[in-house]
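Please read the structure below before turning to the comments.
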Amino acid sequence: MARLLALHDVRAAYGPAQVLHGVDLELAEGEAVALLGRNGMGKTTTIRVIARLLPLAGGTLGFAGRDIARLPPHRAARLGLGLVPEGRRVFGPLTVEENLLA
270 MARLLALHDV RAAYGPAQVL HGVDLELAEG EAVALLGRNG MGKTTTIRVI
320 ARLLPLAGGT LGFAGRDIAR LPPHRAARLG LGLVPEGRRV FGPLTVEENL
370 LA
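All residue numbers for the sequence shown refer to the numbering used here, where the first residue is 270 and numbers rise by one.
Here you go:
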């Protein structure tokens, strides 16, 4: 399968506080991944970087063979990248599977 998402040596910060230190992740088309860890481990920050809601402090970010490291969030959304924060029931009456396929 073709590589869909690629993060290499990704670093991110909130002001002077660096919170991601060299994250590497590759995801092929059709694959699923879960980011697990306790609070403060960088899960949400990683997702915010992927969705382009937080700028990279270093590293590379690719989606569908394209460098998206400097794309603004609205352009990333047009490519199909998005973020639905926890607690938002996008389609409330649907099951988890139905929400993912909707």
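Note that beta-carbon positions come from the ideal geometry of N, C-alpha and C, so glycine has one too. Since the structure is predicted, the reported quantities are computational estimates derived from the model, not experimental observations.
Name the DSSP bridge partner or partners of LEU276?
Your numbering for residue 276 matches position 7 in the sequence shown. LEU294, LEU330.
Might you give, ordered along the chain, the residues of its own chain that have their beta carbon closer than 6 Å to the beta carbon of GLY291, omitting 5 neighbours on each side?
On the sequence shown, position 22 is the one that residue 291 refers to. Within the same chain, GLY291 has close Cβ partners ASP278.
Apart from the five residues on each side of it in sequence, which residues of its chain come closer than 6 Å, Cβ to Cβ, to GLY331?
Here residue 331 refers to the residue found at position 62 when the sequence shown is read from its first residue. Excluding residues within five positions, the ones whose Cβ falls inside 6 Å are ALA275.
Can the beta-carbon of ALA297 be found less than 7 Å from the beta-carbon of ARG272?
If you number the sequence shown from 1, residue 297 lands on position 28. If you number the sequence shown from 1, residue 272 lands on position 3. For ALA297 and ARG272, yes; Cβs fall inside 7 Å.
Report the partner residues of LEU325 according to the DSSP bridge assignment.
Taking the first residue of the sequence shown as 1, we reach residue 325 at position 56. DSSP, once it has assigned bridges, lists no residue as partnering LEU325.
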